[in-house]
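Colleague: Residue 36 is where the sequence shown starts when you use this note's numbering, and the numbers rise one by one after that. For every residue, glycine included, the Cβ atom is placed at its ideal position computed from N, Cα and C.
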Amino acid sequence: MPMPTEIASEHPALPEHFRQWVVKGGLAQHELREQHFEQRIVSMPQPQDGEALVRIKLINVHAATRMRIARGLIPEGATDPNNYACAEVVRSRDPAFAVGDVIACQAGWQEYQIVRSSDLPVGFGEPDELVKALNRTRSPWTYVFRPALVRMWSPEVLMEIFGTSGMTAWFGMREQGPLMPRDSVAVAASTGSVGSIVAQIAKAAGSRVVGFAGGPDRCRWVREHLGIDACVDYTADDFDDALRAAFPEGIDVFSDGVGGALTERVVPHMNRHARLFSYGSAAASYAADIGDAPSRKPTIREIFGINATVERVLRERHIKSGAWTVDSFYHERLRAEDELSRLLRMGLIRSHCRTVRGFERLPDAIAGQYRDRGIGKLQISFE
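1) So, does the region 48 to 58 touch the region 78 to 88, judging by three or more C-beta pairs under 8 angstroms?
2) On a CA-only basis, which of Gly-201, Lys-59, Phe-159 is nearest Gln-141? Give me that one, please.
3) Apply the 10 Å Cβ neighbour rule to Arg-217 and answer buried if 16 or more other Cβ atoms are within range, or exposed otherwise.
4) Can you list, in chain order, the stretches of the beta strand (DSSP E) that have 3 or more residues and sit fully within the region 295 to 374?
5) When we look at the beta-carbon of Leu-278 and count the other beta-carbons within 10 Å, is it buried (16 or more) or exposed?
6) So what's Ile-138 in DSSP terms, helix, strand or just coil?
7) Just the Cα atoms here: how many angstroms apart are Glu-191 and Thr-270?
8) So Ile-341 and Ser-363 are supposed to be a Cβ contact under 8 angstroms. How far apart are they, rounded?
9) Buried or exposed for Gly-326, going by 16 or more other Cβ atoms inside 10 Å?
10) For Val-58 and Ile-415, I'd like the C-alpha separation in whole angstroms.
11) Evaluate Thr-334 with the Cβ neighbour count: other Cβ atoms within 10 Å of its Cβ, from every protein chain shown; 16 or more gives buried, anything less gives exposed.
12) Going by C-alpha to C-alpha distance, which of Gly-262, Ala-204, Glu-111 sits closest to Ser-228?
13) Over what stretch of residues does the beta strand (DSSP E) that includes Asp-287 continue unbroken?
14) Give me the DSSP bridge partner(s) of Cys-121.
15) Specify, as a first and last residue, the run of the alpha helix (DSSP H) that His-260 falls within.
16) Hey, could you find the ends of the beta strand (DSSP E) Ser-386 is sitting in?
17) Where does the unbroken alpha helix (DSSP H) through Glu-210 begin, and where does it stop?
18) Check for me: the alpha helix (DSSP H) holding Ser-174 runs from which residue to which?
19) When you compare each of Gly-294, Ala-318, Lys-332 to Phe-339 by their alpha carbons, which one comes out closest?
20) Sort Gln-74, Ala-131, Leu-193 by Cα distance to Arg-368 and report the nearest one.
21) Excluding the 5 residues flanking Asn-170 on each side, which residues of the same chain have their C-beta closer than 6 angstroms to its C-beta?
22) If you count every other CB in all the chains shown that lies within 10 Å of the CB of Gln-64, and 16 or more means buried, which is it?
23) Name the two residues that bound the continuous beta strand (DSSP E) containing Tyr-147.
24) Could you have a look at His-71 and say whether DSSP puts it in helix, strand or coil?
25) Who are the near neighbours of Arg-75 in its chain, counting only those whose CB is closer than 7 angstroms to its CB and skipping five residues on each side?
26) Could you say if the region 86 to 94 and the region 119 to 138 meet the contact criterion of at least three C-beta pairs nearer than 8 angstroms?
27) Between Glu-418 and Arg-392, what straight-line distance do the alpha-carbon atoms span, to the nearest angstrom?
28) Just confirm the distance between the C-beta atoms of Tyr-321 and Arg-408, as a whole number of angstroms; I'd bet it's less than 8 angstroms.
29) Return helix, strand or coil for Arg-101, following the three-state DSSP convention.
30) In angstroms, rounded to a whole number, what distance separates the CA positions of Val-244 and Ala-265?
31) Can you find the residues in the same chain that come closer than 6 angstroms, C-beta to C-beta, to Asp-136, ignoring five residues on each side of it along the sequence?
32) Taking buried to mean at least 16 other C-beta atoms within 10 Å of its own C-beta, is Glu-372 buried or exposed?
33) On the DSSP bridge list, what partners appear for Glu-66?
34) Rounded to the nearest angstrom, what separates Leu-383 and Ser-225 at their Cα positions?
35) If you draw a straight line from the alpha carbon of Pro-116 to that of Asp-291, how long is it in whole angstroms?
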């Protein structure tokens, strides 16, 4: 039977225009401020064959947003298409999406957007055939959430625990595991979106877990809200002494989303046959001086802080190390969703996202991320 042109029923009447934020002007001294955003009014598009129109419910803001703006990767007058978003399908002429579906996708700073199952991801290569078959799209980041998950969890939880943060944490601990009660686990960026989930997963496995955070207040938050054994202030003058005291028998597993000098200081405390999971470069993303783009494209290991010095230690101590982005494992996304949902329902992990509500608050929220270094995943809800 031929596929109907319009998939499912029509959504209620939509406005003729919607709001969009775009970049305005260059950054002075790499400082991102509210005035670097400009709001525009955009005409509502009508989906053509193979397209769906979605209403953006919520976006996750990536730590690299400022760097992309400073280096011109998001040019003046353009929105940022890299954000991971939770959206509702309101019109569809694409058989992969039905009206009313709640989906994950990449989206700009805007209230509505056209999506296509045929589109490749922004900033990533085409996924393998298993991911495309599971998602029914050509992007690892564009897929319909299972209705049961949508009924069980809010958009905030869907995009943190079941989005890239939770998936990165779950697959990272699986690949560098198995975690055992006898393991001593170090978690850098434990106030961050991935690190806070890693810490909770490791504690749920019975391991001894020590987080790293910048300053006594953030360390206090880690101890009180994540329920782990200790937290070390990496900005303190006595950090190296505190690190040795926290791991008297060495580190068995190190989850590192920071990179830079912190990685160099922690890796020498790892035991033989330990495991290193590297997934991010917060040190570079939040540095006061972003610096120029590198003259050559670095490897993902270099981006995540595994330099020649660190590589030598890893070789000498036979440390298993992994540095990857989570789309490498997205063919197993449903399995990870089921396990993360189980941990949530048992109260073994909790969401610690930081949600700012209101489309008009987007410039202040994104600029504030670099001034205040808030805790958890920054999300902006448009509802």
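Modeller: Quick answer:
1) The way I'd put it, the region 48 to 58 does touch the region 78 to 88; three or more beta-carbon pairs between them come closer than 8 angstroms.
2) The residue with the shortest Cα to Cα distance from Gln-141 is Phe-159.
3) Arg-217 comes out exposed.
4) 305 to 313, 355 to 358
5) buried
6) strand
7) 31 angstroms
8) At roughly 16 angstroms, the Cβ-Cβ gap does not stay under 8 angstroms, so Ile-341 and Ser-363 are not in contact.
9) exposed
10) 17 angstroms
11) exposed
12) Ala-204
13) 286 to 291
14) Cys-121 pairs with Leu-93, Ala-139.
15) 251 to 261
16) Membership of Ser-386 in any beta strand (DSSP E) is not indicated, and neither H nor E is assigned to it by DSSP.
17) Going by DSSP, Glu-210 is part of the alpha helix (DSSP H) stretching over 199 to 210.
18) That residue, Ser-174, is in no alpha helix (DSSP H); it is neither H nor E in DSSP.
19) Taking Phe-339 as reference, the option from Gly-294, Ala-318, Lys-332 with the minimal CA-CA separation is Gly-294.
20) Leu-193
21) Tyr-178
22) exposed
23) 147 to 150
24) helix
25) Gln-55, Val-57
26) yes
27) 7 angstroms
28) The C-beta distance from Tyr-321 to Arg-408 rounds to 7 angstroms, short enough to meet the 8 angstroms contact threshold.
29) helix
30) 7 angstroms
31) Val-124, Val-179
32) buried
33) Ala-63
34) Roughly 16 angstroms between the two C-alpha positions.
35) Taking the straight line joining both Cα atoms gives about 27 angstroms.
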